[in-house]
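Engineer: Pasting a structure below so you can have a look.
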Amino acid sequence: MSRASSLLAFADTVRGFMPRAEGLALYDEARRVARERPASTWLEVGSWCGKSSVYLGAAAETSACVLFSLDHHHGSEENQRGWEYFDESLVDPHDDRLNTLPFFQRTIAQAELERTVVALVGHSEVVATHFDQSLDLLFIDGGHAHDVAWRDFENWTPKVSLGGTLLIHDVFEDPSEGGRPPYEIFLAALASGQFVEHAHEGSLRALTRVR
Ligand SMILES: C[S@@+](CC[C@H](N)C(=O)[O-])C[C@H]1O[C@@H](n2cnc3c(N)ncnc32)[C@H](O)[C@@H]1O
1295 MSRASSLLAF ADTVRGFMPR AEGLALYDEA RRVARERPAS TWLEVGSWCG
1345 KSSVYLGAAA ETSACVLFSL DHHHGSEENQ RGWEYFDESL VDPHDDRLNT
1395 LPFFQRTIAQ AELERTVVAL VGHSEVVATH FDQSLDLLFI DGGHAHDVAW
1445 RDFENWTPKV SLGGTLLIHD VFEDPSEGGR PPYEIFLAAL ASGQFVEHAH
1495 EGSLRALTRV R
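Under the working numbering, think of the first position of the sequence shown as 1295, with each following residue one higher.
Below is the structure:
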């Protein structure tokens, strides 16, 4: 089995919310960026346990790109106790808070991607303020609450380079399928005139920065 196939098979075993078809589309987008822009800098907002990081990392390592994977690792609103996507096994007994960092680290170590996927542990808005590097690939899959998603859009999309790729997850046109904010920021990216959509798979949208 090739290195890429074994990483994609491994990604299937990592806990997370991304359907396989979307993970493979994410990988395909990232492979294209890796080919067109070797050794470039990428960032994802929302690591969770590292599932999307493996899809992206599998592509990144093919041409020495680096993926920064950003998360405070305490889960989004919907991951907290009493909410739909709460998972007791992710709670740290020391402080009774959700902590996905050890699971993320284990995923990246098992995938042998530690020199390709670099964890940024912190609040997205804090890191964005001090992050100057331009990005050839940005994947937004962080908090889906209104304010959080809009801050990610406002803080991170200006860092995408001309011709660079913006990927947004959980974009649902039909409100019965999922929350509004990812769809709203997708529309805002198009309305800005700076991005055009070039592909989609399920709830994953891929855009190119055109100006
Ligand atoms: C939908 S999950 C990411 C899923 C991941 N991409 C995957 O493939 O499994 C969203 C993540 O965003 C993180 N998050 C939410 N708000 C954040 C913020 N303001 N700063 C940093 N991380 C945040 C949560 O901790 C959570 O792990």
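Even for Gly, the Cβ is constructed at its ideal location relative to N, Cα and C.
If you draw a straight line from the C-alpha of His1417 to the C-alpha of Glu1338, how long is it?
Structural biologist: 13 Å
Engineer: Tell me whether Tyr1477 is buried or exposed, calling it buried when 16 or more other Cβ atoms sit within 10 Å of its Cβ.
Structural biologist: buried
Engineer: Identify, in the order they occur along the chain, each residue of the same chain with its Cβ nearer than 6 Å to the Cβ of Leu1407, setting aside the five sequence neighbours on each side.
Structural biologist: Same-chain partners within the cutoff: Gly1351.
Engineer: Indicate whether the contact test is met: 3 or more Cβ pairs, each with one atom in the region 1373-1392 and one in the region 1414-1430, closer than 8 Å.
Structural biologist: no
Engineer: Roughly how many angstroms separate the alpha carbons of Leu1456 and Gln1404, rounded to a whole number?
Structural biologist: 34 Å
Engineer: Comparing the CB of Leu1432 with every heavy atom of ligand 1, is any distance shorter than 8 Å?
Structural biologist: Judged by the Cβ position, Leu1432 fails to qualify as a neighbour of ligand 1 at the 8 Å threshold, every heavy atom of the ligand being at least this far.
Engineer: In terms of residue numbering, what span does the beta strand (DSSP E) encompassing Val1415 cover?
Structural biologist: Val1411 to Val1415
Engineer: Using a C-beta cutoff of 9 Å, does Gly1487 count as contacting chain B?
Structural biologist: Going by chain labels, chain B is absent from the structure shown, which holds only one protein chain.
Engineer: Output yes or no for whether 9 Å exceeds the beta carbon distance between Leu1414 and Phe1397.
Structural biologist: no
Engineer: From the DSSP output, in three-state form, read off Leu1337 for me.
Structural biologist: Residue state, collapsed to three classes: strand.
Engineer: Taking Cβ to Cβ, would you say Gly1496 is nearer than 9 Å to Glu1316?
Structural biologist: yes
Engineer: Kindly list the residues whose CB is nearer than 7 Å to the CB of Asn1466, restricted to its own chain and excluding five residues on each side of it in sequence; keep chain order.
Structural biologist: The sequence shown places Phe at residue 1466, not Asn. For Phe1466, where only same-chain residues beyond five positions count, the Cβ hits under 7 Å are Gly1472, Tyr1477 and Ser1497.
Engineer: To test your reading of the DSSP string, which unbroken alpha helix (DSSP H) runs of 4 or more residues are found completely within the region 1330-1376?
Structural biologist: 1345-1354
Engineer: Is the separation between the beta-carbon of Ile1402 and that of Ile1434 shorter than 9 Å?
Structural biologist: Their beta carbons are not under 9 Å apart, which means Ile1402 does not touch Ile1434 by this criterion.
Engineer: Consider the C-beta atom of Glu1495 and the heavy atoms of ligand 1; say whether any pair is separated by less than 8 Å.
Structural biologist: no
Engineer: Skipping 5 residues on each side, what residues in its chain have a beta carbon closer than 7 Å to that of Leu1460?
Structural biologist: Leu1432, Thr1451, Val1454, Ala1483, Phe1489, Leu1501 and Arg1503
Engineer: How many Å lie between Ser1300 and Phe1380 at the Cα?
Structural biologist: 29 Å
Engineer: For Arg1331, which option in Ser1347, Ser1470, Arg1505 and Glu1355 has the closest C-alpha, if you only look at C-alpha atoms?
Structural biologist: Glu1355
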